[in-house]
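In this note's numbering, the protein residues as written are 34 to 500. Just so you know, even glycine gets a beta-carbon here, dropped at the ideal spot from N, CA and C. These numbers were taken from a predicted model, which means no experiment stands behind them. Read through the structure below, which is laid out as structure tokens, and then see the notes.
Next up, the structure:
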């Protein structure tokens, strides 16, 4: 099996466990927005964003080291060392930071403190379990785990929101329980106790793993700042209600990131194998395919959102639709920047990730602070867009030492995005319908060859199995 085919297979296995539940969850968005106020939704989104920012401090991103080093592990002895060292360091670090966090919360009596802490701990569990399953090559276990987490989240949300009327705490508690149960499933399936040995600390291995993961911490934290700074500024200056509008609006373009995220998870493993074999030609082919797919989905989001938004969102949240085009373009560039990041991690060149993300985070925060009083919710979308565009083009220039990424297509993409966004804000129904139909046709044409190849491969495999 070629690496490209392996990538497609892993992407399919990873995504199949979540796609159905993601669709169901999205279909329940009208229920959530009807039963939860914009303020409560803003508080829940804020807690989740803060947790995503804090978790890298708790784990030092050793789960990423564990995943990468397990791929190269020669035998069970190496796996025992890698897994044991990861869990020991993460457990000790989490305990120390939890104690400090608890003291600060007791002194400040911050009302959301306990919810933040619970979500952080559950996020550590799921992060370690995901990395463990992927590193050991247990992609099916990883997929089932995510399926469990998604289903449990939906079920518990229904119980806590409709039955118990717990507001934003329903969203947080259901996430905590679901992530914890999914993590326990992976630990059981992977027989985690077999690999945990609490003796003979290999300081050399610890040093190598930290050397790989520590440069990733600024990168992940910077991404957290990009997300959290929007929420912090909106919460602090405009209030939780505006943050609620923003977080619901972000759910639509974030669908691009969700489905693309399945690919990235598989891509990290595949790119590592390609880097090991110096297979740059196949890497370039995959890059071109990814560009076209993301571009197609993005233009469909921009041109179709006016027709879709009222179907899924309660009227109290409708004002948020105005920032969806800007956020969609942001997700396009941040996704491609993340794809380039997969190339850097494949070559274990992680320093560039932290520096580029840190600069992007500073750009995001400064623009937020400068514009929020004048442009309101648009300030958050504009700052995220500019930061994402910077991140993509800067990384695109830096990755040239491994493969060529930037091309004339980037200019075409920018011009298309500008035209489509201007048409969106003009808001003429007849024009919007025509542009949406044209976008569908363009997307089909751009991905026609790839679609034909997939159909032919599926057909050949089916015929082969029948024989």
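Residue 184 and residue 205 have their C-alpha atoms spaced approximately 15 angstroms apart.
When the five nearest sequence neighbours on each side are left out, the beta carbons in the same chain lying within less than 7 angstroms of the beta carbon of residue 480 are those of 325, 326 and 329, in order along the chain.
Boundaries of the alpha helix (DSSP H) around residue 425: 410–431.
Contact between the stretch 244–263 and the stretch 93–103 is established, with three or more Cβ pairs separated by less than 8 angstroms.
471 is the residue among 417, 350 and 471 whose C-alpha sits nearest the C-alpha of residue 334. Non-local C-beta neighbours of residue 93 in its own chain, meaning closer than 8 angstroms and more than five positions away in sequence, comprise 122, 123, 126, 243, 246, 247 and 250, ordered along the chain.
Under the criterion of beta carbons closer than 8 angstroms, residue 424 and residue 378 do not qualify as touching, at roughly 15 angstroms. Taking C-beta atoms as the reference points, residue 228 and residue 321 fail to come closer than 8 angstroms. With fewer than three CB-CB distances shorter than 8 angstroms, the stretch 388–407 does not count as touching the stretch 337–357.
The three-state reading of DSSP puts residue 435 in coil, since its state is none of H, G, I, E or B. With a cutoff of 8 angstroms on beta-carbon distance, residue 201 and residue 117 are scored as not near each other. DSSP places residue 109 in the uninterrupted alpha helix (DSSP H) bounded by 109–141. Assigned with DSSP and collapsed to three states, residue 255 falls in helix. For the pair residue 283 and residue 331, the Cα-to-Cα distance works out to about 13 angstroms. With contacts defined by Cβ atoms closer than 8 angstroms, residue 358 and residue 469 do not form a contacting pair. For residue 263, the secondary structure class from DSSP, reduced to helix, strand or coil, is helix. Around the CB of residue 477, fewer than 16 other CB atoms lie within 10 Å, so the residue is classed as exposed.
In the three-state DSSP reduction, residue 407 falls in the helix class (H, G or I). Within its own chain, the residues whose Cβ lies closer than 8 angstroms to the Cβ of residue 397, once the five positions on either side in sequence are excluded, are 258, 259, 262, 263, 416, 417, 419 and 420, listed in chain order. Counting only the Cα atoms, residue 345 lies some 21 angstroms from residue 461. Note on residue 67: under 16 other CB atoms within 10 angstroms of its CB, so exposed under the neighbour-count rule. The C-beta distance from residue 218 to residue 280 rounds to 28 angstroms, too long to fall under 8 angstroms, and the pair is not in contact. In the three-state DSSP reduction, residue 340 falls in the helix class (H, G or I). Distances from the CA of residue 75 to each of 347, 276, 348 and 69 were compared; the closest alpha carbon is that of 276.
For residue 146, the three-state secondary structure derived from DSSP is helix. Contact between residue 145 and residue 119 is absent: CB atoms are separated by about 30 angstroms, not below the 8 angstroms threshold. By the beta-carbon neighbour count (other beta carbons within 10 angstroms, threshold 16), residue 268 is buried. Per DSSP, the unbroken alpha helix (DSSP H) holding residue 72 starts and ends at 71–92. Residue environment analysis places residue 433 among the exposed positions, since fewer than 16 neighbouring C-beta atoms fall within 10 angstroms of its C-beta. Here residue 346 carries a coil assignment [DSSP, helix/strand/coil].
Sequence-distant Cβ neighbours of residue 89 in its own chain, meaning closer than 6 angstroms and more than five residues away, are 250, 253 and 254. The three-state secondary structure of residue 63, taken from DSSP, is helix.
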